[in-house]
Ligand code: NAD
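In our numbering, the protein residues as written are 7 to 235.
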C-alpha cells in the first residue's frame, strides 16, 4: 500500500510531512467536495498548479522497484492512495487506485470524462473548466475529495487483497487518512505481517515487524536487490 511519500522523489509534494502541502493550504478549503461545489474556481486555481507538476512527473526508483517486485512474483498488487498514475507508468500491472485518478476529469452533470492533459491546456483561458459535451457544467478531477465516498469496487478489491495477504508492505503514507488506513488494519487483523517504509514515524509502526525510516526511492531498490540475491 502506497501514499503520497512514494511520489515525493518524483517532485510531487505530499500533503503531510516535511514540505507537505498542508503547511501552505487548509485541506478542508481546497480538497473537500463541499468547498469544490461552493467555489470551483478556488479549487481549480490550486489544482492548476498541482496538475502542472503531476503531469510532468516521472516514476522514481521507488515506483520502479515496486513494479520489479510484482514482475518477480514477490508482490500481488499495489493499493495506492495516490492519484498521479506513476505506478502504472513504472510498469506496475495490478494497481488499485483508492482515491481515483488525476489523469481524467468528469462532468458532474452528464458524467462524460476527458483527459486531464487536455483540460490542463485550457486552464489559463477557462477557469473553472467546463464540459464540452453538455454545454457548460463545471468539470471535476476524477479524484476522491474529502467528504466523498471511496469507489465501492476499488475499496472491495483492496479489502479482499488485504484480508488474504501474508505481508503488507506500507510505503510513503502517514496512515492517518481513513477509510484508506483501514486497508493495512484489515491485513493486520487477518494475520498479515507488516513492513513500513516511511520518511517519518507512523501510527502503525508499533504493529510492524519491520520499520524502515527512509526515502522509498532508496529503500525499495535495496529490497529488490536483496530479493534477487
Ligand atoms: P501524506 O501526505 O499524509 O503522508 C506522506 C508521508 O510520506 C509522510 O508521512 C512523509 O513522512 C512520507 N514521505 C515523504 N517523502 C517520502 C519519501 N521520499 N519516502 C518515503 N516516505 C516519504 O500522504 P498519504 O498518507 O498518501 O495521504 C494523503 C492523501 O493525499 C491521500 O489521500 C492521497 O490521495 C493524497 N495525495 C496524493 C498525491 C499523489 O497522488 N502523488 C500527492 C499528495 C497527496
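The beta-carbon is built from N, C-alpha and C at its ideal position, and this holds for glycine as well. Computed from a prediction, not measured in an experiment: that's the story for all the values here.
In this structure, residue 15 has its beta carbon less than 7 Å from a heavy atom of the ligand NAD. The ligand NAD approaches residue 105 closely enough that one of its heavy atoms is under 7 Å from the residue's Cβ.
In the three-state reduction of the DSSP assignment, residue 218 falls in the strand class. Residue 84 and residue 134 have their alpha carbons spaced roughly 33 Å apart. In this structure residue 16 is in contact with residue 66, their Cβ atoms being roughly 5 Å apart against a cut-off of 8 Å. Looking only at 12, 116, 99, 129, the smallest Cα-Cα distance to residue 141 is reached by 116. Apart from sequence neighbours up to five positions away, the residues of its chain that approach residue 70 with a beta-carbon distance below 6 Å are 96, ordered along the chain. Taking non-hydrogen atoms of the ligand NAD into account, the C-beta of residue 90 is found less than 7 Å away from one of them.
For residue 68, the enclosing alpha helix (DSSP H) stretches over residues 67-77.
Secondary structure at residue 86: strand, using DSSP grouped into helix, strand and coil. Among the bridge pairs identified by DSSP, residue 92 is matched with none. Between the alpha carbons of residue 131 and residue 182 lies a gap of roughly 37 Å. Taking the CA atoms as reference points, residue 168 sits about 23 Å from residue 219. For the pair residue 113 and residue 234, the Cα-to-Cα distance works out to about 46 Å.
The beta carbon of residue 122 sits no closer than 7 Å to any heavy atom of the ligand NAD.
Straight-line measurement puts the Cα of residue 102 at about 14 Å from the Cα of residue 73. The nearest non-hydrogen atom of the ligand NAD is 7 Å or more from the C-beta of residue 79.
By the CB criterion at 8 Å, residue 9 and residue 205 fall outside the cutoff.
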